[in-house]
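Engineer: By our numbering, the letter at position 1 of the sequence shown is numbered 20, and the numbering carries on one by one without gaps. Even glycine gets a Cβ: it sits at the ideal position worked out from N, Cα and C.
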Amino acid sequence: MGESEIALEAAIAAFDASSTLAAYQATEELAGEEWPTVREELLESLADKDTRQRTAQRHVEIFLYAERYDEAIAIADRFPDYKVVEPVVETVWEEHPHWTIDACKQQAEPIIEDGQSQRYRHAVDWLEYAGKAAQASGNLDEWRAYVEAIKDDHYRKYKLRPMLEDLLGEFPE
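1) Spatial neighbours of Ala152 within its chain, please: C-beta separation below 7 Å, excluding the five flanking residues on both sides.
2) Just the C-alpha distance for Gln90 and Leu179, rounded to the nearest angstrom, thanks.
3) Taking 8 Å as the limit between beta carbons, can you name the residues of its chain near Tyr139, skipping five residues before and five after?
4) By DSSP, does Trp112 sit in helix, in strand, or in coil?
5) Return yes when the Cβ of Leu40 is within less than 8 Å of the Cβ of Glu86, no when it is not.
6) Nearest CA to the CA of Ala149: which residue from Lys124, Asp160, Gly51?
7) Three-state secondary structure (DSSP) at Phe190?
8) What residues in its chain sit with their C-beta under 6 Å from that of Glu114, if we drop five residues either side in the sequence?
9) Between the Cα of Glu128 and the Cα atoms of Ser37, Asp35, Ala142, which residue gives the shortest distance?
10) Taking the straight line between their C-alpha atoms, what separation do you get for Val107 and Thr74?
11) If we ignore side chains and look at the alpha-carbon of each, how far apart do Glu28 and Asp69 end up?
12) Looking at C-alpha atoms only, which residue of Gln72, Leu49, Gln44, Asp35 is the closest neighbour of Glu63?
13) Under 8 Å between the Cβ atoms of Phe190 and Gln154?
14) Helix, strand or coil: which one does DSSP assign to Arg87?
15) For Leu61, which option in Ala32, Glu184, Arg71, Asp185 has the closest C-alpha, if you only look at C-alpha atoms?
16) The alpha helix (DSSP H) spanning Lys170 covers which residue range?
17) How is the alpha helix (DSSP H) around Tyr177 delimited, first residue to last?
18) For Ala26 versus Leu49, is the C-beta distance shorter than 8 Å?
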C-alpha cells in the first residue's frame with residue numbers, strides 16, 4: 020500500500036470517527052479519481068449513522084455540500100433547532116419551496132405567539148424566506164394571506180406590526 024492509499028484510508032477513518040465537513044473535504048482532496056466511489060461510501064456511512072442533536076448541524080453541512088438535500092431535510096425535520104434548519108432553508112428554498120415554507124412557519128410562529136419581541140426580527144426573517152419560496156412556487160397569494168392573518172391576529176404587538184407591513188411591501192401583489 021502506497022502513501023496516498025494510506026493517507027486516504029486515514030482520512031476515511033477520521034471521517035468515520037468524526038463526521039465533519041472538513042474531514043469530508045479532506046477525504047475528497049485525497050481520493051482523486053476514486054472520489055465518486057469514496058463519496059458514495061462516505062455518504063452511505065453518514066446516512067446510516069444515528070444522527071443526534073449534537074451532530075445534526077455537522078451532518079446537515081455535509082449533506083448540503085454533497086447536494087443530498089433530501090437527507091439534509093430529513094435531519095432538519097428531526098431536529099428543528101434553528102442552527103440545523105437555517106442552512107437547509109438557505110440552500111433548498113427554490114428546489115423544495117413547500118418544505119421551506121412549512122419549516123419557516125415552524126420557526127417563526129413560536130416567536131410570534133410567545134410575544135418574544137426581542138426576536139421578532141428573526142421571525143420576520145423566517146417569514147421572508149417563506150415568501151421567497153412561495154414566490155418561487157407560485158404560492159405568493161397564499162403566503163401574503165398568511166402574513167396578513169398574522170398581522171391581524173397580533174395587531175397589538177406594536178413592534179411586530181411594522182415589520183410585517185415592511186415584509187409584505189417586499190412581495191407586492
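Structural biologist: Result, derived from the coordinates:
1) Trp112, Pro116, Thr119, Ile120
2) The amino acid at residue 90 is misidentified as Gln; the sequence shows Glu. In a straight line, the C-alpha of Glu90 is about 34 Å away from that of Leu179.
3) Ile130, Ile131, Lys176, Lys178, Leu179, Met182
4) coil
5) no
6) Lys124
7) Of the three classes helix, strand and coil, the one that applies to Phe190 here is coil, per DSSP.
8) none
9) Ala142
10) 15 Å
11) It is roughly 22 Å from the alpha-carbon of Glu28 to the alpha-carbon of Asp69.
12) Asp35
13) yes
14) coil
15) Ala32
16) 159-172
17) Run containing Tyr177: none; DSSP gives neither H nor E here.
18) yes
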